[in-house]
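Undergrad: These protein sequences, in sequence, are chains C and R.
Sequential numbering of the first sequence, starting at 3, is according to the numbering used here.
Sequential numbering of the second sequence, starting at 3, is according to the numbering used here.
We put the CB at the ideal spot given by N, CA and C, even for glycine.
The structure displayed is predicted, hence computed values, not measured ones.
The structure under discussion is supplied below as structure tokens; questions concerning it will follow.
Protein chains: 2
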Amino acid sequence: MRVAEPTVERLVQYYRLLGQLREEGRLVVSSQQMGEMLGIKASQVRKDLSYFGEIGKRGVGYHVDRLYDHVSSILSSPGVWRLGLVGVGHLGYALLGHSAFRSDKFRIEALFDVDPSKVGQVINGVECYHLDQMPQVAREKGIEVLILTVPGSSAQACVDMAVKSGVIRGILSFAPTPLVAQDDILVYRVDISVELEKLLFFLKGGAGV
Amino acid sequence: MRVAEPTVERLVQYYRLLGQLREEGRLVVSSQQMGEMLGIKASQVRKDLSYFGEIGKRGVGYHVDRLYDHVSSILSSPGVWRLGLVGVGHLGYALLGHSAFRSDKFRIEALFDVDPSKVGQVINGVECYHLDQMPQVAREKGIEVLILTVPGSSAQACVDMAVKSGVIRGILSFAPTPLVAQDDILVYRVDISVELEKLLFFLKGGAGV
């Protein structure tokens, strides 16, 4: 089944929301309510879920538990992904400690940095290696995915190194710079300020500044 | 002019890329090349830009400088937005120091936290106040936008406080939890792990794990 990227993004949002509703002990939820809580049109929620065979009951909605399990199975991994995190600055620390980065889908197996005060240390329970050792450590530990929290100026060099390693299949970069990689490595970028730019763009439509 | 949210997101990406190409001294760029560097279809790039009146020359492309100025003017603010940042943990520090958060469009005017070791301190050149003082400080300093880098469990309380302050118009939240606010406050959420979930979803299509 080929699913478009924005659909996957919404599925992840549904999954998060359903998990929360489930913890709150809620039994049913309507597409209208899900849409309101996530800022997505109710019609889009219905369309997405019906694509995966989930039809809500008119006037009732979806069963939270069942829908959670279903979305979870769509997003599930066949195993636990082994990740490496490159660049142990504030952002790296923030990700290591962030609750959204606690998952049974992946485990951060190694940290990499060039700072002698970090290399050789165990940080948040994970060992930090010198960046030069990355290809070797990745091979030994079965790391297939890298998270880059390095400055923009170092990001491309890390990508090139990952390509050369021959074992890295995916890279998630938080560096504010476009990256070029071979076709057989999947590179995703997180631009942590793009949402701020969007927010300010839509705010300027109002009274503002 | 009413512009859809995904379009604004792509405009921000074009803007970043053009700024970089400009610094590299590049004179022209094609929609094909822009698309490849950003992971966007060339036809989408052409469609977006032609919507704003930019038509590339066949076989040549767009003038980098001119296109940069144009996209810049679309995204420009009528003044400098004053921002407050709530929650000075690793993520807060990371944003304060991140190059993507250096902009002449906004200025972080105040930090807010509840930790006594931070309140009263000047951090990265910005004074940190107790969270309880937020409404008053926001009013005094003309802060209209808040960035939330607090744990999920505190995020809604911060939003409620912002609503009550009567001066906050927009909130950007990095907390991994849905938020409810009045209609006259614009709330955007950044889910820093959603891109990782997407990356892993598409990777599992391959050999993997």
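Based on the DSSP output, what are the partners of residue 140(R) in its beta bridges?
TA: Beta-bridge pairing links residue 140(R) to no other residue.
Undergrad: Based on Cα-Cα distance, which residue from 118(C), 83(C), 88(C) and 101(C) lies nearest to residue 107(C)?
TA: Out of 118(C), 83(C), 88(C) and 101(C), 83(C) has the C-alpha closest to the C-alpha of residue 107(C).
Undergrad: What are the residues of the stretch 64 to 85 of chain R that lie near chain C, defined by any Cβ-Cβ distance shorter than 7 Å?
TA: Residues passing the 7 Å Cβ filter: 77, 79, 80, 81 and 83.
Undergrad: What residues in the stretch 179 to 205 of chain C have a beta carbon less than 9 Å from any beta carbon of chain R?
TA: So the close ones are 179, 180, 181, 182, 186, 188, 189, 190, 191, 192, 193, 194, 195, 196, 197, 198, 199, 200, 201, 202, 203, 204 and 205.
Undergrad: Could you tell me which chain R residues have their CB closer than 8 Å to the CB of residue 10(C), listed as they occur along the chain?
TA: Going along chain R in sequence order, the residues near residue 10(C) (Cβ under 8 Å) are 199, 200, 203 and 204.
Undergrad: Beta-carbon of residue 103(C) versus every beta-carbon of chain R: anything under 8 Å?
TA: Yes, contact with chain R.
Undergrad: Assuming residue 87(C) contacts residue 113(C) under a Cβ cut-off of 8 Å, what Cβ separation, rounded to an integer in Å, is found between them?
TA: That belief holds up - the Cβ atoms of residue 87(C) and residue 113(C) are roughly 5 Å apart, short of 8 Å.
Undergrad: Just verifying my parser: in three-state terms, what is the DSSP assignment at residue 54(C)?
TA: If DSSP states are grouped into helix, strand and coil, residue 54(C) belongs with coil.
Undergrad: Since residue 107(R) meets chain C, which of its residues come closer than 7 Å, beta carbon to beta carbon?
TA: Chain C residues near residue 107(R): 202.
Undergrad: Less than 8 Å between CB atoms is the rule here; does residue 168(C) satisfy it with respect to chain R?
TA: No, because no Cβ of chain R sits closer than 8 Å to the Cβ of residue 168(C).
Undergrad: Spatial neighbours of residue 98(C) within its chain, please: CB distance less than 6 Å, with the 5 preceding and 5 following residues excluded, ordered by chain position.
TA: So the qualifying residues of the chain are 126.
Undergrad: Have a look at 134(C), 92(C) and 177(C) and flag the residue whose alpha-carbon is nearest the alpha-carbon of residue 150(C).
TA: Of 134(C), 92(C) and 177(C), the residue nearest in Cα terms is 177(C).
Undergrad: Touch check for the stretch 182 to 199 of chain C and the stretch 157 to 173 of chain C: three-plus C-beta pairs under 8 Å?
TA: Touching, yes.
Undergrad: Is the Cβ of residue 96(R) closer than 8 Å to any Cβ of chain C?
TA: Chain C, which has a Cβ nearer than 8 Å to the Cβ of residue 96(R), makes this yes.
Undergrad: Could you have a look at residue 102(C) and say whether DSSP puts it in helix, strand or coil?
TA: Three-state result, residue 102(C): helix.
Undergrad: What residue from 117(C), 6(C) and 168(C) has the CA that sits closest to residue 145(C)'s CA?
TA: With distances taken between Cα atoms, residue 145(C) lies closest to 168(C).
Undergrad: So which residues of chain R does residue 152(C) contact, with C-beta pairs closer than 9 Å?
TA: Correct list: empty, because the minimum Cβ distance to chain R is about 12 Å.
Undergrad: Is there a Cβ of chain R sitting closer than 8 Å to that of residue 147(C), yes or no?
TA: It does: the Cβ of residue 147(C) has a partner Cβ on chain R nearer than 8 Å.
Undergrad: By the 9 Å beta-carbon criterion, what residues does the stretch 12 to 25 of chain R contribute toward chain C?
TA: Correct list: 13, 14, 15, 17, 18, 19 and 22.
Undergrad: Quick one: is residue 29(C) near chain R, going by C-beta distance under 8 Å?
TA: No, no contact with chain R.
Undergrad: Since residue 64(R) and residue 58(R) should fall inside the 8 Å C-beta cutoff, what is the C-beta to C-beta distance between them, to a whole number of angstroms?
TA: With a Cβ gap of about 5 Å, residue 64(R) and residue 58(R) count as contacting.
Undergrad: From the DSSP output, which residues share a beta bridge with residue 173(R)?
TA: BP columns for residue 173(R) point to 148(R) and 189(R).
Undergrad: Which stretch, first to last residue, makes up the beta strand (DSSP E) that contains residue 87(C)?
TA: First-last of the beta strand (DSSP E) with residue 87(C): 83 to 88.
Undergrad: Using a C-beta to C-beta distance shorter than 9 Å, which residues of chain R count as neighbours of residue 127(C)?
TA: Here the premise fails: no neighbours, minimum Cβ distance about 16 Å.
Undergrad: Contact check, residue 37(R) vs residue 47(R) under 8 Å by CB: the rounded distance?
TA: About 5 Å separates the two Cβ atoms, so the contact holds.
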